[in-house]
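**Q** Okay, handing you the structure first.
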Amino acid sequence: MLLAIETSCDETAVAVLDDAKAACRASTIADVVIADLVSSQTKLHEPYGGVVPELAAREHIVNLPLMIGEALEQSAMTFCRLDAVCVTRGPGLKGCLLVGLCFAKSLALGLGVPLVTVNHLEGHLYAGELAAPGERPEYPLLALIVSGGHTLLVFAKEERSYEVVAKTRDDAAGEAFDKGAMLLGLPYPGGPSLSRAAIDGDFARYKLPVGVSGDPASFSFSGLKTALQRVVTQLGEKAREKEVVQDLAASYQAAIVRALTEKSVIACEAQRPRSFVLSGGVAANESLRVCLAEEMGKRGIKYCVPARRYCTDNAAMIGLLACRIIQRNPQSYRQWRSAGPQPGYLGPGVPDDIGALAKWPLGAICP
Ligand code: KG4
Ligand code: ZN
1 MLLAIETSCD ETAVAVLDDA KAACRASTIA DVVIADLVSS QTKLHEPYGG
51 VVPELAAREH IVNLPLMIGE ALEQSAMTFC RLDAVCVTRG PGLKGCLLVG
101 LCFAKSLALG LGVPLVTVNH LEGHLYAGEL AAPGERPEYP LLALIVSGGH
151 TLLVFAKEER SYEVVAKTRD DAAGEAFDKG AMLLGLPYPG GPSLSRAAID
201 GDFARYKLPV GVSGDPASFS FSGLKTALQR VVTQLGEKAR EKEVVQDLAA
251 SYQAAIVRAL TEKSVIACEA QRPRSFVLSG GVAANESLRV CLAEEMGKRG
301 IKYCVPARRY CTDNAAMIGL LACRIIQRNP QSYRQWRSAG PQPGYLGPGV
351 PDDIGALAKW PLGAICP
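For the record, in the sequence shown the residue sitting at position 147 is 147 according to our numbering, with numbers rising by one throughout.
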């Protein structure tokens, strides 16, 4: 049994997973994920219109012990029955990551069980596996990871072997949603509120630019944000009218979705993957989900998109990735448990002075 901790941004998340069940391809999500808790800090950051790192870190300190207790209770578990602890090491907000990492390190050391440290972006990619047995991704795969801090197209020829084929030059897609919502006077968090406003809007009413459409290796959303700002300024008071806001939201969302879809299609043509995984907070966007489903359907590529709760930050995806890491090297984890901790280490390949990484590109993962 594995305890997973995720505190890279403003969500405190804890999960308990059954590692043996995760190893079996026929297992359902309910077999594998025994407890799965996410505490959102939306209310705390709302007055500031964005995540305040120091406040988020302090909130993680308050939340973590309570949530771990609750997750163990929900799964009818005790600390003594845990076989491993895993945690997000990066990328993310340094202070937030440190809270989770220090907690996980202490817990692993105290319990004498191995610690597994994982990459948050790779966790988002593994959220694709939190699906029914027949709907899980197959390799080679292409993944579009779109969150508040990242916009990446990643090609994985096989498990844990990554090549970043496109990334953003400036803002991330989620950031573009959040900033656009702020310009339109929509409530925090921006992504969900802008996509809600767009439902009844006319996406063809305002012409907004689709970022770096010529370059298959780059996304860019800062020009789009500036273009929206210009239109809002030109419209003046009119920009606050409900119908105008809805049309602007729809036009703005359409430009983001088009950029993401176009680059995904180009990458699919070049890499010819068997599956396409859409993940990260922005994967909760209905318009993006539908557009990509259509494009992948046309090309006969298996389309894997997690349920919404697994698109945004959660600990189940972090735990599932840790299960895969353990399964790739079962001998060393078995030995750790039978022979006890190795001096100077908290887990196989995890030195006891391991630190958090605010930046940790997927291409730098060593399987
Ligand atoms: O992955 P995530 O939960 O946290 C990060 O690692 O960043 O992603 C959060 C981002 C935010 O920018 C949020 O506005 C965006 O995902 N988001 C959405 C939607 N739901 C969340 N963006 C567009 N449409 C949505 N429905
Ligand atoms: Zn994330």
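C-beta atoms are modelled at their ideal positions from N, C-alpha and C, and glycine is treated no differently.
From a predicted model like this one, the values you see are computed outputs, not experimental measurements.
Using alpha carbons as the reference points, say which of E129, A143, V116 lies closest to L152.
**A** A143
**Q** Reducing DSSP to helix, strand and coil, say where A310 ends up.
**A** In the sequence as displayed, the identity of residue 310 is Tyr instead of Ala. Three-state DSSP puts Y310 in a helix.
**Q** Using the Cβ count rule (16 or more neighbours within 10 Å means buried), how would you classify N329?
**A** exposed
**Q** Bridge partners of E163, per DSSP?
**A** DSSP output for E163 lists F155 as bridge partner(s).
**Q** Please confirm whether D18 and I29 have their CB atoms less than 7 Å apart.
**A** no
**Q** Buried or exposed for V290, going by 16 or more other Cβ atoms inside 10 Å?
**A** Exposed.
**Q** Tell me, to the nearest whole angstrom, how far the beta carbon of S279 is from that of I145; I am working on the premise that it is less than 8 Å.
**A** About 5 Å separates the beta carbon of S279 from that of I145, a gap short enough to meet the 8 Å contact definition.
**Q** Got a sec: does the ligand KG4 put a non-hydrogen atom nearer than 6 Å to the Cβ of G147?
**A** The residue you asked about is not Gly; residue 147 is Ser in the sequence shown. Checking every heavy atom of the ligand KG4 against the Cβ of S147, one is found closer than 6 Å.
**Q** Tell whether a beta-carbon distance below 7 Å holds between S275 and E158.
**A** no
**Q** May I ask you to report which of helix, strand or coil DSSP gives G90?
**A** Note: G90 maps to strand in three-state DSSP.
**Q** Check the C-beta distance from N285 over to S195 and give it rounded, since I have them as a contact under 8 Å.
**A** 5 Å
**Q** Which residue marks the beginning of the alpha helix (DSSP H) containing E129, and which one marks its end?
**A** That residue, E129, is in no alpha helix (DSSP H); it is neither H nor E in DSSP.
**Q** Using three-state DSSP, classify K359 as helix, strand or coil.
**A** coil
**Q** To the nearest angstrom, report how far apart G344 and D352 are at their CA atoms.
**A** 6 Å
**Q** Can you check the segment 208-263 for any alpha helix (DSSP H) of at least 4 residues that lies completely inside it and give the ranges in chain order?
**A** As far as the segment 208-263 is concerned, its whole alpha helix (DSSP H) runs of at least 4 residues are 222-235.
**Q** Assign V62 to buried or exposed, taking buried as 16 or more other Cβ atoms, counted over all protein chains shown, within 10 Å of its Cβ.
**A** Flag for V62 reads exposed.
**Q** Using 8 Å as the threshold, is the segment 35-44 in touch with the segment 178-186, meaning 3 or more CB pairs across them?
**A** Because the criterion of three Cβ pairs below 8 Å is not met, the segment 35-44 and the segment 178-186 do not touch.
**Q** Taking a contact to mean a Cβ-Cβ separation below 7 Å, would you say A20 touches C86 in this structure?
**A** no
**Q** Whose CA, out of S8, R240, V118, lies closest to the CA of I326?
**A** V118
**Q** Which residues mark the beginning and the end of the alpha helix (DSSP H) in which L194 is found?
**A** Element bounds for L194: 190-198.
**Q** Among V165, I318, L141, which one has its Cα closest to the Cα of P91?
**A** Distance check between P91 and each of V165, I318, L141 places I318 closest, using alpha-carbon atoms only.
**Q** With contact counted as at least three CB pairs below 8 Å, one residue from each stretch, are the segment 45-52 and the segment 122-135 in contact?
**A** No: fewer than three Cβ pairs fall under 8 Å.
**Q** Tell me the DSSP secondary structure of A84 in three-state form.
**A** strand
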